[in-house]
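Colleague: This is the structure I want to talk about, given as structure tokens.
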Amino acid sequence: MTSDTHTSGFHRTLQERIRLLSAGTKYDSCNQTAVCHAFGPDGRCIQLYKTLLTNHCSGECLYCPNRSMRDTARASLSPEEIAKITWSFYRKNTIEGLFLSSGIIGDPENTAYRQLEVVTLLREQGFNGYIHVRLMPGTPKHLLETISEYANKFGINAETTSSVNYSHICPNFDYQNDVLMRLRWIHDMVRRRRCEHNDTRIIGANDTQFVVGLLNESDRNMIQTVNRFMNRYGLRRPYFMSFDPVPGTPLEKEPSSPRWKETRLYQASYLLKDYGLKARDFDPIFDDIGNLTDDDPKILLAAANPDMYPVDINSANRHELLMVPGIGPVSAERIIHADTINSEQELARLGVAVSRARPYIIIQGKSQTRLDHFWRSGS
């Protein structure tokens, strides 16, 4: 797979193929440029070269720009080409790693073998950067095991929240077997590896993505599913991609999902993972059909639980501090281990966004803003 042609037979240049295959990852957590951003386990933003191996695909997912029956320009890159491009970006400090996905090359097993060729080639050449592999539903267990030796993050897209919806949009695969069982296997692999404390090998992390607004799924269902995946499969960070109808697909006339939904669902997922909330805690802030509004969910949760505030900064426990807008996990730990805090300036030095936290806190018996006034003002 070193080259491809237009439907007219015209040979594609390497640059044309790079551009096409980077654009082809639109539904894999990235925009349509050759470099995208991911987040490491420590929350640090990482720049990745992202590409498909190929946008030829035997799958028939209803929303996908690369589905087999769609009339579109096709291209492929060989494992050697991807390795060479990755090294070129890496040596120029343009990227810190690789995001690799693919269309389905015949079947999931063959596709995973091709992806494995890329990551083993890079590691054998001494590449120590970050590698994120998006695998196909139905990838065999032995290939998941092998890829886990090389990838920092890897997983399979869930796309939706239920078997019924998944069977509708991805008719080639089975949600329970091809997706959820694989996420379970990956979770068990990662958990076993962490117990081994083998520092000579990479310890990966489970990964999945949901398409937002694809089948009018409610935000309540999405948050419940993310919470369940975190508990069952050790999911750290779900990815969300707003549905944007693609011409030439069966869903081309469906309405697109507003981009702000991505932001609000990401914020909700951080509250689940880093702040200790449960899916049921969001119930007071959903609208009548179970959706979020375009407002910071942490602010809305504070408004829905007025009895929790104001919080005394010097006597609050970790959970109470985390429920204060403007205080995150890092600043909460700093507050807990600090000496007595006497001013907002001291809080700011600990990393607190004081302007957001001010209405919800007491410092040395003093509160700057009454909560009822704050909420009435709509701030």
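Residue 237 in full-length UniProt numbering sits at position 237 of the sequence shown, and the numbers go up by one each step.
Each residue gets a CB set at the ideal place from its N, CA and C atoms; glycine is no exception.
Just so we're clear, the structure is a prediction, and the values are computed from it rather than from any experiment.
(1) Give the range of the beta strand (DSSP E) segment to which Phe282 is assigned.
(2) Whole beta strand (DSSP E) runs in the stretch 134-195 with 3 or more residues, listed along the chain?
(3) Got a sec, what are the start and stop residues for the beta strand (DSSP E) Ser101 sits in?
(4) To the nearest angstrom, how far is the alpha carbon of Cys30 from that of Asn342?
(5) Using three-state DSSP, classify Asn31 as helix, strand or coil.
(6) What are the residues that DSSP puts in a beta bridge with Leu52?
(7) Would you mind sorting Cys64 into buried or exposed? The rule is 16 or more other CB atoms within 10 Å of its CB.
(8) What is the DSSP secondary structure of Asn291, reduced to helix, strand or coil?
(9) Residues in the same chain with beta-carbon distance under 6 Å from Leu300, minus the five sequence neighbours each way, listed in chain order, please.
(10) Between the alpha carbons of Gln32 and Val324, how many angstroms are there, rounded?
(11) Identify whether Ile335 lies in helix, strand or coil by the three-state DSSP scheme.
(12) Which word fits Asn172, buried or exposed, when buried means at least 16 other C-beta atoms lie within 10 angstroms of its C-beta?
(13) Taking contact to mean at least 3 C-beta pairs separated by less than 8 Å, is the stretch 86-106 in contact with the stretch 208-221?
(14) Quick check on the DSSP output: the alpha helix (DSSP H) that includes Tyr90 runs from which residue to which?
(15) Beta-carbon within less than 7 Å of Ser331's beta-carbon, same chain only, minus the 5 sequence neighbours each way: which residues are those?
(16) Once you ignore the five residues that flank Arg123 on each side, which residues in its own chain have a CB closer than 6 Å to its CB?
(17) From Ser88 to Glu145, what distance separates their C-alpha atoms?
(18) Can you name, in chain order, every residue of its own chain whose Cβ lies under 7 Å from the Cβ of Asp178, other than the five neighbours on each side?
(19) Is Val226 helix, strand or coil by DSSP?
(20) So the beta strand (DSSP E) Tyr239 belongs to, where does it begin and stop?
(21) Taking the alpha carbon of Pro108 as the point to measure from, which residue in Glu252, Ile363, Leu143, Asp295 has its own alpha carbon closest?
(22) Assuming Ala297 and Leu271 are in contact, meaning their beta carbons sit under 8 Å apart, how far apart are those beta carbons, in whole angstroms?
(23) Exposed or buried, which one is Arg264 when buried takes at least 16 other CB atoms within 10 Å?
(24) Hey, quick one: how far does the alpha helix (DSSP H) through Val354 stretch, first residue to last?
(25) Relative to the alpha-carbon of Val226, which residue among Val190, Glu346, Pro306, Leu180 has its alpha-carbon at the smallest distance?
(26) Report back the beta-carbon spacing between Leu215 and Thr160 to the nearest angstrom; my notes put them in contact at under 8 Å.
(27) How many angstroms separate the CA atom of Val190 from the CA atom of Tyr309?
(28) Considering only DSSP beta bridges, list what Ser76 is partnered with.
(29) Grouping DSSP H, G and I as helix and E and B as strand, with all else coil, what is Ile203?
(30) Whose CA, out of Arg134, Asn165, Gly365, lies closest to the CA of residue 401?
(31) Looking at the structure shown, is Ile299 part of a helix, part of a strand, or coil, going by DSSP?
(32) Roughly how many angstroms lie between the CA atoms of Leu116 and Glu80, to the nearest whole one?
(33) With a threshold of 16 other CB atoms inside 10 Å of the CB of Ile131, please say whether the residue is buried or exposed.
(34) Which residues mark the beginning and the end of the alpha helix (DSSP H) in which Gln115 is found?
(35) For His132, which residues does DSSP report across the bridge?
Modeller: Taking the geometry as given:
(1) Annotation: Phe282 is outside any beta strand (DSSP E) and is labelled neither H nor E by DSSP.
(2) With a minimum length of 3 residues, the continuous beta strand (DSSP E) runs that stay inside the stretch 134-195 are 153-156.
(3) Where Ser101 is concerned, the enclosing beta strand (DSSP E) stretches over 97-101.
(4) Caution is warranted here: a pLDDT of 48 is assigned to Cys30, below 50, making its placement in the model unreliable, and the coordinate value is therefore given only provisionally. Distance between the alpha carbons of Cys30 and Asn342: 44 Å.
(5) For Asn31, the predicted model reports a pLDDT of 44, less than 50, meaning its position is unreliable; a value from the coordinates is still stated below. For Asn31, the secondary structure class from DSSP, reduced to helix, strand or coil, is coil.
(6) According to DSSP, which records beta bridges pairwise, Leu52 is partnered with Ser101.
(7) By the beta-carbon neighbour count (other beta carbons within 10 angstroms, threshold 16), Cys64 is buried.
(8) It is coil, neither helix nor strand.
(9) These residues qualify, in order along the chain: Ile285.
(10) Residue placement at Gln32 is flagged as unreliable, the pLDDT there being 44, under the threshold of 50; a coordinate-derived value is accordingly withheld.
(11) Here Ile335 carries a helix assignment [DSSP, helix/strand/coil].
(12) By the neighbour-count definition (other C-beta atoms within 10 Å, threshold 16), Asn172 is a buried residue.
(13) When Cβ pairs closer than 8 Å are counted between the two stretches, the stretch 86-106 is seen not to touch the stretch 208-221, the count staying below three.
(14) That run of the alpha helix (DSSP H) goes 79-91.
(15) Leu350, Gly351, Val352.
(16) Setting aside the 5 residues that flank it on each side, Arg123 is surrounded in the same chain by Tyr150, each with a C-beta closer than 6 Å to its C-beta; the list follows chain order.
(17) Distance between the alpha carbons of Ser88 and Glu145: 28 Å.
(18) Once the five neighbours on either side are set aside, the close Cβ partners of Asp178 are Pro137, Gly138.
(19) Here Val226 sits in helix by DSSP.
(20) Boundaries of the beta strand (DSSP E) harbouring Tyr239: 239-242, taken from the DSSP string.
(21) Proximity to Pro108 across Glu252, Ile363, Leu143, Asp295 peaks at Leu143, based on C-alpha coordinates.
(22) According to the sequence displayed, residue 297 carries Pro and not Ala. The C-beta distance from Pro297 to Leu271 rounds to 7 Å, short enough to fall under 8 Å.
(23) Classification of Arg264: buried, given that the 10 Å Cβ count is 16 or more.
(24) First-last of the alpha helix (DSSP H) with Val354: 354-357.
(25) Ranking Val190, Glu346, Pro306, Leu180 by Cα distance to Val226 puts Leu180 first.
(26) That belief holds up - the Cβ atoms of Leu215 and Thr160 are roughly 6 Å apart, short of 8 Å.
(27) Approximately 40 Å between the Cα atoms of the pair.
(28) Its beta-bridge partners are Thr54.
(29) Residue state for Ile203 is assigned as coil, using DSSP reduced to three classes.
(30) Residue coverage of the chain in this structure runs from 1 to 379, which leaves residue 401 outside it and unanswerable.
(31) Residue state, collapsed to three classes: helix.
(32) Distance between the alpha carbons of Leu116 and Glu80: 12 Å.
(33) With 16 or more Cβ atoms within 10 Å of its Cβ, Ile131 is classed as buried.
(34) That run of the alpha helix (DSSP H) goes 108-124.
(35) Paired residue(s): Phe99, Lys153.
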